[in-house]
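Chains as they are written, first to last, in our numbering: chain A, 9 to 105; chain B, 31 to 384.
Note that beta-carbon positions come from the ideal geometry of N, C-alpha and C, so glycine has one too.
Just below is one structure, and these are the notes that go with it.
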């Protein structure tokens, strides 16, 4: 019957071996390139689709600006509505488990 | 009825946009209430709406950051976010994610990566569900014993107390997390977050489903603080994921924005609803969500193993997840409405008495 300290030691050795396995992992998988069909669109949709096709970097930057900005604006509007209803949005009872 | 369908510029498909708003609303509510990003709920929902799988995960992660930021801001007002703890854990999580990318590539060389990942996910979810319900039953037993002995149980007592043993391992530096009320070695949150990041990366999920119980049972956070602090991490990992998937060209931003309309409202409702529910109430329903997720994984495994039953069990998994999202959202919304009604009634009584 293994003692607890022996089991813990074996687990520790196993955990130390994991990084060596990770380093031995293979190279990256091939990426599939998707191209958006911008011929169907006009106006801002055409501009947006062309941005996606021409530069994924700019597309990514636009995404990480738009999502949090829009999220915070919409969230603030909802918060304003809830506080107008009369809900206390600044405090709650002390934390318990 | 054509106006109910929007043509997605990148994916090139027409999607029923009210469905995206409803999905976002449900995910926002559940995320704000339980402290999760909700990736495990969104992908089947997007699948049902006809969204191409190539874009489903990236779009889901992109929209996740928005409601997570909103919920974090709301939970901060309630005093539910320990930023020091969250920032330390972000470091561990990012390292875990990077390690998981290597591990996934190693599994891909072995083949059957889907099977190993799903099986690992099922084992993990079973463990989490066991933890939650064991904790609840032990707490209820302690409450009964205290009542029978005529004494009052400490409000901060819990069923499972693994965190107390882990707090006793004082490997320097020892840090005091004031908001969470925890003093422990910094290596505890770092190693827990590394492990959760590794598991989340391997399983292809945001990590809230694992990190929330880890914060409660291994680090010892009160439930509401675990929800808020976890959402802070989800917001950061969501932004990182949004950038990463968008750079790879796997995000349909228009769909993410439409979902965000619903998710922004849902996130506020879910966060505020935590005011009206005790910590153990949140834990019980979190356990229910985990069990539902585990059953859907079993269905997916059966579908993958048996071609004859594939169509049935694939649909069953999707119906189960969407049913779970609907019922959890209805529960949260009901608690929100009841809580608001009581709060407004108490305010009116207070004003009448003054």
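| Check | Outcome |
| --- | --- |
| Mind checking the stretch 202 to 222 of chain B against chain A and listing, in chain order, the residues whose C-beta falls within less than 7 Å of any C-beta there? | none |
| Mind listing, in chain order, the continuous beta strand (DSSP E) runs of no fewer than 3 residues lying wholly within the stretch 32 to 111 of chain B? | 35 to 37 and 44 to 46 |
| Just to confirm the assignment, what range does the beta strand (DSSP E) spanning residue 213 of chain B have? | 212 to 215 |
| With a CB to CB cut of under 8 Å and the five nearest residues on each side skipped, what residues in its chain are close to residue 291 of chain B? | 51 and 54 |
| Give me, in chain order, the residues of the same chain whose beta-carbon lies closer than 7 Å to that of residue 260 of chain B; leave out the 5 immediate sequence neighbours on both sides. | 65, 238, 241, 242 and 245 |
| Is the distance from the Cβ of residue 130 of chain B to the Cβ of residue 232 of chain B below 7 Å? | yes |
| Against chain B, does residue 94 of chain A count as a neighbour if the rule is that its beta carbon must be under 7 Å from one of theirs? | yes |
| Determine which residues of the stretch 275 to 294 of chain B have a Cβ less than 9 Å from any Cβ of chain A, and write them out in chain order. | 275, 276, 277, 278, 279, 280, 281, 283, 284, 286, 287, 290, 291, 293 and 294 |
| Determine contact between the stretch 74 to 93 of chain B and the stretch 112 to 127 of chain B, defined as no fewer than three beta-carbon pairs at a distance below 8 Å. | no |
| Looking at chain A, is there any beta carbon in it that lies within less than 7 Å of the beta carbon of residue 273 of chain B? | yes |
| Identify the contact partners of residue 57 of chain A in chain B, using a Cβ-Cβ distance below 8 Å as the criterion. | 39 and 40 |
| Based on DSSP bridge pairs, tell me the residues matched to residue 206 of chain B. | B/213 |
| By Cβ distance below 8 Å, which residues in the same chain neighbour residue 43 of chain B in space, the five residues on each side in sequence not counted? | 37, 80, 81 and 82 |
| Work out the CA separation of residue 140 of chain B and residue 26 of chain A for me, nearest whole Å. | Below a pLDDT of 50, predicted positions are generally treated as unreliable, and residue 26 of chain A, at 43, falls in that range; no measurement from the model is reported. |
| Apply the 10 Å Cβ neighbour rule to residue 68 of chain A and answer buried if 16 or more other Cβ atoms are within range, or exposed otherwise. | buried |
| On a CA-only basis, which of B/191, B/192, B/190 and B/220 is nearest residue 204 of chain B? Give me that one, please. | B/220 |
| Could you tell me how far apart the beta carbons of residue 299 of chain B and residue 253 of chain B are, in whole angstroms, since I believe they sit closer than 8 Å? | No, residue 299 of chain B and residue 253 of chain B are not in contact; Cβ-Cβ is about 18 Å, not under 8 Å. |
| Any contact between the stretch 97 to 104 of chain B and the stretch 263 to 270 of chain B? By contact I mean 3 or more CB pairs, one from each, below 8 Å. | yes |
| For a contact meaning CB atoms closer than 7 Å, what does residue 297 of chain B contact in chain A? | 83 |
| Suppose you measure from the CA of residue 133 of chain B to the CA of residue 147 of chain B; what does that come to, to the nearest Å? | 11 Å |
| Reducing DSSP to helix, strand and coil, say where residue 198 of chain B ends up. | coil |
| Assuming residue 97 of chain A and residue 89 of chain A are in contact, meaning their beta carbons sit under 8 Å apart, how far apart are those beta carbons, in whole angstroms? | Rounded, the Cβ-Cβ distance is 11 Å, inconsistent with contact. |
| To the nearest angstrom, report how far apart residue 30 of chain B and residue 59 of chain B are at their CA atoms. | In this structure chain B extends from 31 to 384, so residue 30 of chain B is not present and cannot be described. |
| In terms of residues, what are the limits of the alpha helix (DSSP H) holding residue 260 of chain B? | 253 to 277 |
| Quick check: what's the CA-CA separation for residue 272 of chain B versus residue 227 of chain B? | 17 Å |
| Which class does residue 282 of chain B belong to by DSSP, given the choice of helix, strand or coil? | coil |
| Examine chain A for any beta-carbon lying closer than 7 Å to the beta-carbon of residue 370 of chain B, and answer yes or no. | yes |
| Are residue 156 of chain B and residue 286 of chain B closer than 7 Å when you measure CB to CB? | no |
| Could you list which residues in chain B have their beta carbon closer than 9 Å to that of residue 91 of chain A, in chain order? | The premise fails here: residue 91 of chain A is roughly 10 Å from chain B at the closest Cβ pair, so nothing lies under 9 Å. |
| From the beta carbon of residue 50 of chain A, is the nearest beta carbon of chain B less than 7 Å away? | no |
| By the DSSP assignment, the alpha helix (DSSP H) with residue 141 of chain B in it spans what residues? | Note, residue 141 of chain B: premise wrong, no alpha helix (DSSP H); not H, not E. |
| Thinking residue 148 of chain A and residue 277 of chain B are a contact (beta carbons under 8 Å), I'd like their distance in whole angstroms, please. | The structure shown does not extend to residue 148 of chain A, since chain A spans only 9 to 105, so no value can be given for it. |
| Is there at least one Cβ from chain A nearer than 7 Å to residue 96 of chain B's Cβ? | yes |
| Could you give the DSSP three-state label for residue 31 of chain A: helix, strand or coil? | Unreliable placement is indicated for residue 31 of chain A, whose pLDDT of 38 sits below 50; the coordinate value is still reported in the next sentence. Residue 31 of chain A: helix per DSSP, three-state reduction. |
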